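Notes for the one structure printed next.
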Amino acid sequence: MRSISILSLLLSVVLSPLASAEVIHLTDATFEHTTQASTGQTTGKWFTMFHAPWCGHCKSLGPVWEELDQRIQESNPQSGILLAKVDA
């Protein structure tokens, strides 16, 4: 838990305030198809946050996750890095 708080703090300091990003929200119904996990062929480099909506640490990390996605897309859109969230 402490490491999540530290990560959240570090990312908030490093990232400037940005507009809302487009983090991909994966569900049981969309995970396999979107990531093509069952075939082993992914559609990109996935960086996925598995979170619990009731968790205070996860709630704190949410906006930072959105900012991180925006920063990655602005700085290197051709990187193929995809940020996603899964309600665990």
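Per numbering that gives the first Met the number 0, the very first residue in the sequence shown carries number 0; after that it's consecutive. Ideal Cβ positions, reconstructed from N, Cα and C, are used throughout, including at glycine. Here the structure is a predicted model, which is why all the values come from computation and not from measurement.
How many Å lie between residue i and residue j at the Cα?
i	j	result
K84	M48	5 angstroms
Q35	K58	28 angstroms
A51	A87	5 angstroms
Q77	W53	34 angstroms
Q69	L25	18 angstroms
I23	V63	14 angstroms
E21	L67	10 angstroms
H32	F46	16 angstroms
L60	E73	20 angstroms
N75	H56	28 angstroms
Throw me the rounded Cβ distance for the residue i and residue j pair, which I believe falls under 8 angstroms.
i	j	result
I80	K44	5 angstroms
Which of the three DSSP states is assigned to residue i in this structure?
i	result
T34	helix
D68	helix
V22	coil
Based on Cα-Cα distance, which residue from the options lies nearest to residue i?
i	options	result
E65	L25, L82, A28	L82
Under a Cβ-count criterion, where at least 16 other Cβ atoms within 10 Å of its own Cβ denotes burial, should residue i be classed as buried or exposed?
i	result
D27	exposed
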